[in-house]
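Accompanying notes for the structure given below.
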Amino acid sequence: MHLSVNTVGNIVDIQAQEIAKVTEKYAAMSISKTEDSGTTDLLHALTALHKQKATLQSRISKLTKERDSLLNKLTEIIEKIKEYRAKREAIESSFKKIQEIGINDNDSIFKRLEELLFVHDGLKEQEHHFREQCKSDLNLFRGMLQEVEDDAPAEEEDCVKEYKEQKEAVIRMRLQLAKKNRIIASLMRQMDDVPGRSELTQYQRRFMELYNQVSAKHKETKQYYTLYNTLDDTKLYISKELSLLNSIQDNYNEAMASSSGKEQFLKQFETIVAGVKRNKAMVEKRCTDEKNRRDALSRQLVILVEQQRKYVAAVRQLTIECRKNEALLAQLRGP
């Protein structure tokens with residue numbers, strides 16, 4: 005079977021184009037993998053794909069160079085064959101003309117013809133060897149291209165399968181990571197809601213400061229109210245006393261003018277004195293009640309102060325025990 009240069013070139017070009025398509029497909033898969041990857045395993049898979057791509061590209065480059073070399077060699081040999089064929093045809097034509105002319109006595113011409121025939125036979129043998137070599141090279145290239153064509157789909161299928169598995173694994177890992185992040189965020193919120201020992205101490209200190217401020221303000225306000233009430237009562241009593249003295253002064257001369265008026269004046273005066281005594285008794289009773297209340301509050305204050313002292317001592321002891329507990333826990337956990 006005779007194959008032309010164009011036929012061999014077309015066969016090699018078709019196989020090279022298929023290999024290039026497979027390479028482009030691998031490159032697209034590698035780009036897609038790079039965009040969707042986020043884990044170390046996927047990066048390893050991409051590295052393997054890049055290595056496979058580089059191997060295929062190297063094989064394509066090697067096959068292309070061999071094809072170009074063989075095509076050049078084939079072109080040169082075909083040109084030589086054409087040249088030898090032209091010479092052979094010229095010789096055969098000359099030989100036929102000589103036979104037709106009938107010049108058989110010219111030994112030099114026959115020797116030349118014998119040489120040309122020998123050259124012709126050698127060219128035929130070279131042509132035969134060249135055809136066999138071309139067939140062998142063509143079969144070799146076809147086998148190599150078929151091997152590449154057979155291996156590429158299997159490798160492509162394995163790469164696609166591995167890519168899908170890696171992608172599913174990445175999706176599962178992302179879902180697990182999101183779930184764990186939600187759990188961690190929930191636990192962090194719960195931990196933030198529970199105040200620590202330092203925060204509790206700070207809260208206690210702030211509350212004590214606020215309580216002291218409120219207590220001091222309340223005491224100051226109460227003193228102002230007590231002073232106001234005392235001054236108001238003093239003003240009331242002084243006003244009554246002044247009114248009584250003015251009334252006595254106004255009615256004294258008129259009451260002393262007659263005995264009946266004098267008796268009535270004395271009775272009114274005794275009534276006023278009795279009212280003053282009742283008011284005095286009420287004030288003294290009120291003063292006694294306030295003193296009793298003060299004494300009760302003083303006793304309650306003493307009890308509360310004692311309780312506070314015990315509370316402070318208990319808190320101090322609890323703090324010491326907590327520190328001991330933390331130290332023991334640290335020793336149990338080890339370095």
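Throughout, this note's numbering is defined as the position within the sequence shown, counted from one, plus 4. No residue lacks a Cβ here, since even glycine has one placed at the ideal position from N, Cα and C. Values in this document were obtained by computation on a predicted structure and should not be read as measured data.
Ser140 versus Leu74, Ser62, Tyr315 and Ile242, residue with shortest Cα-Cα distance: Counting from one through the sequence shown, the residue named residue 140 turns up at place 136. Selected option, being the one with the closest Cα: Leu74.
Ile276 beta carbon less than 8 Å from that of Leu248: By 1-based counting over the sequence shown, the position of residue 248 is 244. By 1-based counting over the sequence shown, the position of residue 276 is 272. Yes, the pair counts as a contact, with Cβ atoms nearer than the cut-off.
Assign Ala261 to one of three DSSP states: helix, strand, or coil. Translated into the one-based positions of the sequence shown, residue 261 becomes position 257. Coil.
Give the secondary structure of Ser41 by DSSP, where H, G and I count as helix, E and B as strand, and everything else as coil. Locating residue 41 in the sequence shown gives position 37, where the first residue counts as 1. Confidence in Ser41 is poor, its pLDDT being 46 and thus under 50, which makes the residue's placement unreliable; the coordinate value appears in the next sentence. Of the three classes helix, strand and coil, the one that applies to Ser41 here is coil, per DSSP.
Looking at C-beta atoms only, is the number of pairs between the stretch 87-95 and the stretch 119-131 that lie closer than 8 Å three or more? yes
Are Cys138 and Leu78 closer than 8 Å when you measure CB to CB? The residue given as residue 138 occupies position 134 in the sequence shown. The residue given as residue 78 occupies position 74 in the sequence shown. Cβ atoms of Cys138 and Leu78: closer than 8 Å.
Out of curiosity, what's the CA-to-CA distance linking Val306 and Tyr315? As a first step, residue 306 must be located in the sequence shown, where it is residue number 302. As a first step, residue 315 must be located in the sequence shown, where it is residue number 311. The straight-line gap from Cα to Cα measures roughly 14 Å.
Check whether the stretch 248-261 and the stretch 269-286 are in contact - that is, three or more C-beta pairs closer than 8 Å. yes
Alpha carbon to alpha carbon, what distance is there between Lys100 and Leu86? Against the sequence shown, residue 86 aligns to sequence position 82. Against the sequence shown, residue 100 aligns to sequence position 96. The identity of residue 86 in the sequence shown is Lys, whereas the question assumes Leu. The alpha-carbon atoms of Lys86 and Lys100 are separated by roughly 21 Å.
Return the CA-CA distance between Met148 and Arg63, expressed in angstroms with no decimal places. Stepping through the sequence shown from its first residue, residue 148 is reached at position 144. Stepping through the sequence shown from its first residue, residue 63 is reached at position 59. Computed Cα separation, rounded: 10 Å.
What did DSSP end up calling Val16 once you bin it into helix, strand or coil? Counting from 1 along the sequence shown, the entry for residue 16 is found at position 12. At Val16 the pLDDT is 48, less than 50, meaning the model places this residue with poor confidence and gives no usable figure here.
Does DSSP classify Gly200 as helix, strand or coil? Residue numbering aside, residue 200 sits at position 196 when the sequence shown is read from its first letter. Correct three-state label for Gly200: coil.
Confirm, please, whether the CB-CB distance from Leu53 to Cys163 is below 8 Å. As a working mapping, residue 163 is identified with position 159 in the sequence shown. As a working mapping, residue 53 is identified with position 49 in the sequence shown. Cβ distance < 8 Å, so Cys163 and Leu53 count as in contact.
Would you kindly work out how many angstroms separate the C-alpha atoms of Glu3 and Leu144, rounded to a whole number? Within the shown structure, residues of the chain are numbered from 5 to 339, placing residue 3 beyond reach of any answer.
Nearest-angstrom Cα distance between Ser98 and Leu120? Working through the sequence shown from its first residue, we reach residue 98 at position 94. Working through the sequence shown from its first residue, we reach residue 120 at position 116. C-alpha separation (whole angstroms): 11 Å.
Short Cβ contact (8 Å threshold) for Gln268 with Ala259: As a working note, residue 268 is residue 264 in the sequence shown. As a working note, residue 259 is residue 255 in the sequence shown. Result yes, Cβ atoms of Gln268 and Ala259 sit closer than 8 Å.
State the Cα-Cα distance for the pair Gln194 and Arg176, rounded to the nearest angstrom. Within the sequence shown, residue 194 is the residue found at index 190, counting from 1. Within the sequence shown, residue 176 is the residue found at index 172, counting from 1. Each residue's Cα considered, the two are about 27 Å apart.
Roughly how many angstroms separate the alpha carbons of Lys69 and Arg146, rounded to a whole number? The count along the sequence shown starts at 1 and reaches residue 69 at position 65. The count along the sequence shown starts at 1 and reaches residue 146 at position 142. Using only the alpha carbons, I get a separation of about 15 Å.
Measure the C-alpha to C-alpha separation of Lys37 and Gln56 and round it to an integer number of angstroms. Here residue 37 refers to the residue found at position 33 of the sequence shown. Here residue 56 refers to the residue found at position 52 of the sequence shown. Reliability fails at Lys37, whose pLDDT of 47 lies under 50, so the model's placement of it is uncertain and the value that follows must be treated cautiously. Approximately 14 Å, taken between the alpha carbons.
Just the Cα atoms here: how many angstroms apart are His133 and Glu83? What you label residue 133 is simply residue 129 of the sequence shown in a count that begins at 1. What you label residue 83 is simply residue 79 of the sequence shown in a count that begins at 1. Approximately 16 Å, taken between the alpha carbons.
Among Ser65, Ile324 and Met192, the one whose alpha carbon lies nearest that of Arg201: Within the sequence shown, residue 201 is the residue found at index 197, counting from 1. That would be Ile324, whose Cα lies nearest to the Cα of Arg201.
Which residues in the same chain as Lys266 place their Cβ atom closer than 8 Å to its Cβ, once the five residues preceding and following it in sequence are excluded? Reading the sequence shown from its first residue, position 262 is the one you call residue 266. Closer than 8 Å at Cβ, skipping near neighbours: Ala259 and Met260.
Straight-line CA distance for Pro199 to Lys226? Position 195 of the sequence shown, counted from the first residue, corresponds to residue 199. Position 222 of the sequence shown, counted from the first residue, corresponds to residue 226. Their backbone Cα atoms lie some 36 Å apart in a straight line.
Label Arg71 either buried or exposed according to how many other C-beta atoms from any shown protein chain fall within 10 Å of its C-beta, with 16 as the threshold for buried. The sequence position of residue 71 within the sequence shown is 67, counting from 1. Burial call: buried.
Taking the C-alpha atoms as reference points, what is the distance between Val123 and Leu117? One-based indexing of the sequence shown puts residue 123 at position 119. One-based indexing of the sequence shown puts residue 117 at position 113. Their backbone Cα atoms lie some 10 Å apart in a straight line.
Please identify the residue among Glu203, Met286, Glu80 and Leu322 whose C-alpha is closest to the C-alpha of Asp237. Numbered from its first residue, the sequence shown carries residue 237 at position 233. That would be Met286, whose Cα lies nearest to the Cα of Asp237.
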